[in-house]
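Numbering (the working numbering), first residue to last: 44 to 247. Reading through the structure tokens given below for one structure.
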């Protein structure tokens with residue numbers, strides 16, 4: 044599997060699995076409308092860029108300082124992907140969303156809500172670190188690594204933007220949540236399989 048394909052598959056599957064970002068965007072869109080939901084999605088993508096930045100710096104230092112330590116991080120990251128896969132597969136697909144109606148959000152507040160929800164989420168940290176540990180090696184050019192990071196942020200923006208558009212329309216809400224239950228099984232199986240295969244893949 045090429046680096047690009049690995050990044051694409053892991054990122055897309057991890058993004059569409061329900062979590063804190065999903066619940067937050069759903070709530071904002073459902074209560075306050077499409078614009079607020081889209082701004083929250085943009086905030087999520089900005090949060091991902093923060094995770095990508097410190098991960099790139101950290102992985103680069105690991106590669107330069109200790110091959111053994113980098114390998115350990117790689118294996119831990121693979122194990123995390125397997126764990127996420129198993130938990131996602133076993134999830135019932137029900138996302139808890141606080142739909143209590145409150146005062147509307149200003150544009151900056153909506154953006155900040157998305158940003159803080161993502162940047163303070165340790166699961167996003169683990170996702171980004173584990174993904175980079177699998178696909179980045181001594182021979183991976185820095186511009187290519189940056190490209191992976193930008194792709195992660197863009198994937199979050201596109202997916203959560205779509206979520207915002209769906210949940211701004213009440214009649215589509217139930218349809219999307221039902222589809223999520225089926226997606227959980229597929230996402231969980233593929234993520235766990237990727238974690239196992241990447242753990243045994245030769246280092247770069």
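We put the beta carbon where it would ideally sit given N, CA and C, even for glycine. Computed from a predicted structure; not experimentally measured.
- Taken through DSSP and simplified to helix, strand or coil, residue 233 comes out as helix.
- Comparing C-alpha distances from residue 88 to each of 167, 153, 196, 72 shows the shortest one belongs to 196.
- DSSP places residue 88 within a helical segment (H, G or I) once states are collapsed to three.
- Residue 173 is not a Cβ neighbour of residue 99, given a cutoff of 8 Å.
- Excluding its 5 nearest sequence neighbours in each direction, residue 86 has C-beta neighbours in its own chain below 6 Å: 154, 157, 158, listed in chain order.
- By the Cβ neighbour-count rule, residue 96 is exposed, with fewer than 16 other Cβ atoms within 10 Å of its own.
- DSSP places residue 193 within a helical segment (H, G or I) once states are collapsed to three.
- Sequence-distant Cβ neighbours of residue 210 in its own chain, meaning closer than 6 Å and more than five residues away, are 69, 72, 73, 216.
- Only exposed fits residue 163, as fewer than 16 other CB atoms lie within 10 angstroms of its CB.
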